[in-house]
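Novice:
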Amino acid sequence: MECRVPKDFELLLHDSLPDYAADALFGSFGSSAAVSVRLNPLKPVSGLQVLEGEKDPVPWCTGAFFLGERKQFTLDPAFHAGAYYVQDSSSMFPYLLKDLISEAAKDGAVLDLCASPGGKSTHLISLLKDLTPLTVVNETVGKRVPPLCDNIAKWGALNVIVTNTSASALGRMDGFFSVILADVPCSGEGMFRKSEDALSLWSIGAVKDCAALQRSIIGDIWPSLREGGLLIYSTCTYNHFENQDNVKYIAEHLGADFVPVDEMALSSVKGLVKLPWGYQFVPGLVPGEGQFFAVLRKNSGSGRKAMRQAKGRKARFVAAGESGLVLDRVSGQVYMLPDDSSFDFGLAVEFANQMSEINPSCIRTLGCRVGEIKAGKIVPDADLALSNALAGAENGHFCVDSGVCGKEAALEFSSAEIDLETALKFLSRENITPQPSWPRGYILLKYRSLGLGFVNNLGNRCNSLHPLMRRILTKPR
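Terminal number for the sequence shown in this note's numbering: 541, no gaps in between.
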């Protein structure tokens with residue numbers, strides 16, 4: 065794409081970055097970023113189709129690769145099963161901070177504030193897989209929540225709550241989070257190379273409006289970060305108003321210390337621009353798109369306060385019998401959270417109840433959706449098939465106690481390995497003929513040991529439980 069940038073942008077860029085970096089960016093227009101993927105360390109990934117052919121590792125992110133060409137990801141069942149995520153390499157910067165994030169996350173919950181579509185959220189989950197802290201991923205814009213929920217479900221982790229609410233609502237959870245990643249809405253200068261719309265909508269006025277909105281968002285969420293907690297601030301833009309100026313503002317006006325990143329880690333990114341108040345990926349110097357990030361440590365404020373259920377009210381979310389199961393009394397939806405000593409189950413349920421009192425519709429998923437109770441049975445949810453809790457399982461059984469929902473409700477299913485042709489038929493919601501060896505009832509379909517989805521085998525045909533919104537329309541070439 066031939067790119068003619070506004071003169072104001074050219075001047076602002078030279079005012080925001082070293083001249084060599086600005087010149088490199090302008091020289092990169094007309095080219096595109098290398099295609100890159102990041103593997104899911106929580107799922108079996110051997111023999112992946114996406115890694116066939118030419119590939120090179122992303123130096124600053126273990127388990128990520130540059131591909132020699134863009135693959136037809138839609139026709140790879142492993143993509144839909146969450147074995148990998150297609151993500152620009154510059155957006156993989158959280159790996160550079162893994163030691164900082166891991167140390168801070170030992171003390172409590174983690175938040176990805178502006179999370180959709182979920183690239184950085186899934187990366188945080190992967191980086192913290194050995195700690196399994198409560199991880200909240202939030203999206204304020206309603207129409208951006210479904211793709212976030214889909215991508216979180218595909219990743220398969222149970223320690224994640226997806227919320228759809230404002231920074232000010234989450235900010236009422238005083239001192240609750242130990243780490244907050246805020247990839248704030250910005251003027252999108254980092255998208256200029258691949259989006260003419262981003263270029264046409266740019267103006268100095270829009271930049272300053274974005275900078276003010278970013279300060280407002282951080283100000284709203286700030287009370288929920290505990291003293292000593294980390295704020296990771298990032299944008300996909302270049303100008304100093306939205307980047308360095310805002311980082312300096314947070315440090316000086318909200319109370320934080322700028323945290324330099326380990327030089328050894330930074331050395332893996334050849335061409336990364338180090339600025340007084342952050343770090344900048346610049347196309348022409350790196351293989352990816354534009355991305356700015358900075359780390360701050362809060363130096364004032366409260367620690368986590370104990371949450372209390374309002375007197376006289378029944379909790380909406382309650383433990384539901386089997387370890388890890390939670391029932392939503394309002395919808396009849398059954399969820400599953402981690403059942404291990406490293407995860408604070410009670411904290412997660414309390415958080416969900418507290419937030420549902422602040423905003424009744426804000427909890428979109430609580431761990432993993434197991435299914436919905438209907439006529440005394442649990443109808444399995446598509447998300448359950450993607451859960452890492454079912455890894456290696458040939459069958460499954462879930463049960464909700466009668467004392468929780470009035471009478472006992474249960475789910476039982478078996479599993480079947482399917483080939484590529486059948487997997488693509490399932491993902492397209494085409495009719496699948498059951499094999500003679502398949503028992504009747506709910507069946508978890510697996511492709512290369514990766515959970516893909518459920519069907520209900522009626523004997524002569526299968527009813528698909530694959531969501532219509534996730535149906536693929538692309539046909540093989």
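Each residue gets a CB set at the ideal place from its N, CA and C atoms; glycine is no exception. Just so you know, these numbers come straight off a predicted model, no measurement behind them.
Check I314 in the structure and name its three-state DSSP category.
Specialist: Indexing the sequence shown from 1 puts residue 314 at position 250. If DSSP states are grouped into helix, strand and coil, I314 belongs with the helices.
Novice: Residue range of the alpha helix (DSSP H) that E327 falls in?
Specialist: Here residue 327 refers to the residue found at position 263 when the sequence shown is read from its first residue. Residues 327–330.
Novice: Would you call N307 buried or exposed, if buried means 16 or more other Cβ atoms sit within 10 Å of its Cβ?
Specialist: Taking the sequence shown and counting its residues from 1, the one referred to as residue 307 is at position 243. Per the 10 Å Cβ criterion, buried.
Novice: Can you check which of these residues, C250, T199, L222, is closest to I244 by C-alpha distance?
Specialist: As a position in the sequence shown, residue 244 is number 180, starting the count at 1. Looking at the Cα atoms, T199 is the closest of the given residues.
Novice: When the distance is taken between beta carbons, is E472 closer than 8 Å to V464?
Specialist: Translated into positions along the sequence shown, residue 464 becomes position 400. Translated into positions along the sequence shown, residue 472 becomes position 408. Against a cut-off of 8 Å, the Cβ pair of E472 and V464 comes out as a contact.
Novice: Assuming V350 and S154 form a contact by the criterion Cβ under 8 Å, report the distance between their Cβ atoms to the nearest whole angstrom.
Specialist: For the purposes of this step, residue 350 is identified with residue 286 of the sequence shown, where counting begins at 1. For the purposes of this step, residue 154 is identified with residue 90 of the sequence shown, where counting begins at 1. V350 to S154, Cβ: 6 Å. Contact.
Novice: My output table needs one value for C432: the three-state DSSP class, helix, strand or coil.
Specialist: Looking up residue 432 in the sequence shown gives position 368. The answer is strand: DSSP assigns C432 an E or B state.
Novice: For E291, verify whether its CB is less than 7 Å away from any heavy atom of the ligand FAD.
Specialist: Because no ligand of any kind appears in the structure shown, any question about the ligand FAD cannot be addressed here.
Novice: Can you have a look at K362 and say buried or exposed, based on whether 16 or more other CB atoms are within 10 angstroms of its CB?
Specialist: Translated into positions along the sequence shown, residue 362 becomes position 298. Buried is the call here.
Novice: Go ahead and label M237 buried or exposed: buried means 16 or more other beta carbons lie within 10 angstroms of its beta carbon, across all protein chains shown.
Specialist: Against the sequence shown, residue 237 aligns to sequence position 173. Its Cβ being crowded by 16 or more others within 10 Å, M237 is buried.
Novice: G505: buried (16+ other C-beta within 10 angstroms of its C-beta) or exposed?
Specialist: For the purposes of this step, residue 505 is identified with residue 441 of the sequence shown, where counting begins at 1. G505 is exposed by the Cβ-count criterion.
Novice: Among L75, K71, D87, V122, which residue has its Cα nearest to the Cα of G352?
Specialist: For this step, residue 352 is matched to residue 288 along the sequence shown. With distances taken between Cα atoms, G352 lies closest to V122.
Novice: Going by the DSSP bridge assignment, what does M400 pair with across the sheet?
Specialist: Sequence index remark: in the sequence shown, residue 400 carries index 336 (1-based). Answer is L389, C432.
Novice: Could you give the C-beta distance for L222 and S501, rounded to a whole number, given that I count them as a contact under 8 Å?
Specialist: As a first step, residue 222 is located in the sequence shown; it is residue number 158 there, counting from the start. As a first step, residue 501 is located in the sequence shown; it is residue number 437 there, counting from the start. Incorrect: roughly 30 Å between the Cβ atoms, too far for contact.
Novice: Can you give me the C-alpha to C-alpha distance between L454 and W341, rounded to a whole angstrom?
Specialist: The count along the sequence shown starts at 1 and reaches residue 454 at position 390. The count along the sequence shown starts at 1 and reaches residue 341 at position 277. Rounded to the nearest angstrom, the two C-alpha atoms are 44 Å apart.
Novice: To the nearest whole angstrom, what separates the beta carbons of G435 and I427, a pair I think is in contact under 8 Å?
Specialist: Mapped onto the sequence shown, residue 435 falls at position 371. Mapped onto the sequence shown, residue 427 falls at position 363. Rounded, the Cβ-Cβ distance is 17 Å, inconsistent with contact.
Novice: Spatial neighbours of K218 within its chain, please: CB distance less than 6 Å, with the 5 preceding and 5 following residues excluded, ordered by chain position.
Specialist: Walking along the sequence shown from the start, residue 218 turns up at place 154. These residues qualify, in order along the chain: G146, L450.
Novice: Hey, is the stretch 288–301 in contact with the stretch 324–341, meaning 3+ C-beta pairs nearer than 8 Å?
Specialist: The stretch 288–301, when compared against the stretch 324–341, does not touch it at the 8 Å Cβ threshold.
Novice: Use the C-beta contact count for Y149: other C-beta atoms within 10 angstroms, 16 or more gives buried, fewer gives exposed.
Specialist: In the sequence shown, counting from the first residue as 1, residue 149 sits at position 85. Answer is buried; the Cβ neighbour count reaches 16.
Novice: Kindly provide the ranges of any alpha helix (DSSP H) runs that are 4 or more residues long and lie completely inside the stretch 213–289, ordered along the chain.
Specialist: List check, alpha helix (DSSP H) in window: 231–234, 260–264, 268–285.
Novice: I'd like to know if the stretch 166–178 and the stretch 197–216 are in contact, where contact means that at least 3 CB-CB pairs between them fall below 8 Å.
Specialist: In short, these stretches touch, since the Cβ pair count reaches three.
Novice: Under 8 Å by Cβ, that's how I've got G319 and D284 pegged, so tell me the actual separation to the nearest angstrom.
Specialist: Numbered from its first residue, the sequence shown carries residue 319 at position 255. Numbered from its first residue, the sequence shown carries residue 284 at position 220. The Cβ separation is near 15 Å, so there is no contact.
Novice: Between V413 and L391, what straight-line distance do the alpha-carbon atoms span, to the nearest angstrom?
Specialist: Here the question's residue 413 lines up with position 349 in the sequence shown. Here the question's residue 391 lines up with position 327 in the sequence shown. About 10 Å.
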